[in-house]
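Have a look at the structure below, then the notes.
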Amino acid sequence: METFLETERLILRRFAESDADNLFVLHNDPDVMRFLNGGKPTPRAEVENETLPAFISSGFFAAIEKGSGEFIGWFHLRPPRGGADDDPELGYRLRKESWGRGYGTEGSLALIDKAFTELGATRVFAQTMAVNRGSRRVMEKCGLRYVRTFFEDWPDAIDGSDQGEVEYELLKADWRKPS
């Protein structure tokens, strides 16, 4: 499997067909999906026929814990549809068992570093629901700063969607390469 980058505790690698089961379990944990779809189950066919092929063909990376070899979730770093290559979006989704251990921050910092040092990014941004305090805290720990609150017209509103979405960003000019 192709490794994209390594951190002290993580391997971020390209997704493969063999990741279907791990992705299915992750995307069917109601706590993990709470701020994405209200915790509703994701059908296996959707994971296998839509989600996984999209992850394989774009900037999504399976997160593997080095010590155990376990799949703990995923990260992405890619321009949004129609966006510029130098303006990638950072995203992450981790298994509940991995929350609170600093993996979100560790993986995100490594991707931000790669974006600015190797991938030509001028800005990295991330978005989440305004009520998703955990994800917002990861963004802040990584040096991203609050930019705006905005409101989407979602077909199925979930708890907290009335408070909107937030966007955070880090500009290359404000980024400090870790020593």
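Its first residue numbered 246, the sequence shown is counted upward by one per residue in the working numbering. The C-beta atom is built at its ideal place from N, Cα and C for all residues, glycine as well.
Taking its Cβ as the centre, do 16 or more other Cβ atoms sit within 10 Å of residue i, making it buried, or is it exposed?
{"i": "G327", "result": "exposed"}
{"i": "I301", "result": "exposed"}
{"i": "A366", "result": "buried"}
{"i": "D264", "result": "buried"}
{"i": "R390", "result": "exposed"}
{"i": "R382", "result": "exposed"}
Do residue i and residue j have their C-beta atoms closer together than 8 Å?
{"i": "A371", "j": "L335", "result": "yes"}
{"i": "G388", "j": "L356", "result": "no"}
{"i": "G405", "j": "F396", "result": "no"}
{"i": "R346", "j": "P333", "result": "no"}
{"i": "E351", "j": "L255", "result": "yes"}
{"i": "N267", "j": "F316", "result": "yes"}
Nearest-angstrom Cα distance between residue i and residue j?
{"i": "G349", "j": "T373", "result": "14 Å"}
{"i": "E262", "j": "D330", "result": "26 Å"}
{"i": "F269", "j": "K417", "result": "35 Å"}
{"i": "V392", "j": "S353", "result": "18 Å"}
{"i": "T296", "j": "W420", "result": "32 Å"}
{"i": "Y238", "j": "T394", "result": "For residue 238 there is no data in the structure shown, the boundaries of the chain being 246 and 424."}
{"i": "G284", "j": "P325", "result": "24 Å"}
{"i": "W344", "j": "V277", "result": "10 Å"}
{"i": "R279", "j": "P298", "result": "23 Å"}
Candidates the options: which alpha carbon is nearest residue i's?
{"i": "W399", "options": "A366, L364, A418 and N282", "result": "N282"}
{"i": "R258", "options": "A265, D264, T252 and T248", "result": "T248"}
{"i": "G304", "options": "W319, G314, E295 and E315", "result": "W319"}
{"i": "E251", "options": "N267, G314 and M278", "result": "G314"}
{"i": "L271", "options": "L364, D407 and E342", "result": "E342"}
{"i": "T287", "options": "A299, D274 and F280", "result": "D274"}
(message) Quick test of the definition: if touching needs 3 or more C-beta pairs under 8 Å, does the stretch 282 to 295 touch the stretch 345 to 360?
(response) no
(message) For the stretch 310 to 319 against the stretch 373 to 385, do three or more pairs of beta-carbon atoms, one drawn from each stretch, fall closer than 8 Å, so that the two count as touching?
(response) no
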